[in-house]
Amino acid sequence: MFRSALLAATLFAVFLSPLNAHAGVWFELLRAPCLTGNGDDIKQDNGVIGRYRGSIDCFNKDFNGDGSRTILSIKAFQAWEYGTMFLYYDITGPFNSPAASDLIPNERGGFFGGITVTLSPKKIAEKATGRQFQWGLLSDVSLKYEAEHVAKFGMLSYYGLQWDLAVPVLDFMNVTTVIRDDAAFEGIDFQVGAAFQKSFSILSQDFILSGFFQTGLFGEGAGKGANAGSEGNQFFLAQPQFLWDFGKPLHFTPGKLYAGFEWQVAWNRYLIEGKTENVLQGMVRWNI
1 MFRSALLAAT
11 LFAVFLSPLN
21 AHAGVWFELL
31 RAPCLTGNGD
41 DIKQDNGVIG
51 RYRGSIDCFN
61 KDFNGDGSRT
71 ILSIKAFQAW
81 EYGTMFLYYD
91 ITGPFNSPAA
101 SDLIPNERGG
111 FFGGITVTLS
121 PKKIAEKATG
131 RQFQWGLLSD
141 VSLKYEAEHV
151 AKFGMLSYYG
161 LQWDLAVPVL
171 DFMNVTTVIR
181 DDAAFEGIDF
191 QVGAAFQKSF
201 SILSQDFILS
211 GFFQTGLFGE
221 GAGKGANAGS
231 EGNQFFLAQP
241 QFLWDFGKPL
251 HFTPGKLYAG
261 FEWQVAWNRY
271 LIEGKTENVL
281 QGMVRWNI
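202 is the number that full-length UniProt numbering gives to position 202 of the sequence shown; each next residue is one higher, with no gaps.
And the structure:
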């Protein structure tokens with residue numbers, strides 16, 4: 001009931017409020033070749049699902065793809081007068097043929113993503129009173145709701161708070177404290193995360209250092225339904241990125257074309273005990 005009321009109130013405010021800030025849409029194409037993994041040496045589940053023994057640069061082989069993957073990520077951000085909207089969708093194997101018999105189902109264009117909406121009581125109060133509130137390092141606190149979608153498992157929800165920090169050396173930084181509510185498990189979890197971005201230049205070249213982490217502190221408990229017998233464990237996931245604006249020296253519009261790397265570090269990935277990942281991915285980004 002609380003989740004439904006919060007989502008309804010947030011969407012109602014979005015539709016009534018004028019747009020007031022910057023929007024952005026971009027694509028990211030990532031490739032991890034899995035150079036050190038041996039497909040005949042999977043740690044568990046008879047070689048069907050698990051971690052490549054001894055590998056240092058591979059994804060786990062699981063429902064979302066093999067150790068070597070290509071991922072197309074579609075992202076959009078829109079600020080409005082009383083908050084923000086952000087969405088992303090990751091498509092695994094975007095160029096794979098759906099008829100390929102050696103692919104697991106979700107590699108045939110499978111997706112993973114979510115939609116986040118925030119609502120700022122501070123901005124509403126500033127509008128109502130006609131004055132600005134200065135909170136020092138804490139620039140804003142917003143109500144946050146995220147609907148996350150996984151092709152194999154369906155939708156789960158996050159609801160809580162987003163804390164925006166005014167860190168002078170960064171483009172932005174925020175911290176999130178949310179409840180993770182996944183219908184696949186009996187309980188809920190308390191999840192903490194943070195995201196940041198820093199733009200900088202070296203001589204005439206422009207770069208971006210950015211990333212995020214999310215961690216579930218307690219685990220969601222026993223699985224139910226089709227997940228009976230499994231358990232939602234504590235987890236940690238981080239994805240720092242380093243990008244170079246290679247369009248600028250090519251006399252293309254600055255801030256449009258980037259190339260670089262994303263490093264994914266995960267412990268208990270997808271809440272599954274023992275699923276660790278350490279994957280460096282080549283990356284190209286296009287800001288539309």
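For glycine and all other residues, C-beta sits at the position ideal for the given N, C-alpha and C. Computed from a predicted model, the values in this text were never measured in an experiment.
- When V284, N233, N287, Y258 are compared, the shortest CA-CA separation from W267 is found for N233.
- A residue is called buried when at least 16 other Cβ atoms come within 10 angstroms of its Cβ; W286 does not meet this threshold and is exposed.
- When C-alpha distances from D182 are compared across F172, E231, V284, K43, the shortest belongs to E231.
- L156 is the residue among F77, L250, L156 whose C-alpha sits nearest the C-alpha of F112.
- Using a Cβ distance threshold of 8 Å, M173 and A194 count as a contacting pair.
- Under the three-state reduction of DSSP output, R285 falls in the strand class.
- Beta-bridge partners of F242 (DSSP): L209, F261.
- At the C-beta level, G114 and E81 stay beyond 8 Å of one another.
- Around the CB of R51, 16 or more other CB atoms lie within 10 Å, so the residue is classed as buried.
- Assignment of L119 by DSSP, reduced to helix, strand and coil, places it in the strand class.
- Looking only at F213, D171, F207, I208, the smallest Cα-Cα distance to Q191 is reached by F213.
- Within the same chain, Cβ atoms closer than 6 Å to the Cβ of G187 are found at E220, G221, the five residues on either side in sequence being excluded.
- With a cutoff of 8 Å on beta-carbon distance, F95 and T84 are scored as not near each other.
- D57 is the residue among L271, D57, F27, G24 whose C-alpha sits nearest the C-alpha of N38.
- Beta-bridge analysis with DSSP links F86 to F77, T116.
- If you look at F196, you'll find it in the beta strand (DSSP E) that goes 189-202.
- In this structure, the alpha-carbon of E277 lies about 19 Å from that of S73.
- The alpha-carbon of L237 is positioned some 30 Å away from that of W135.
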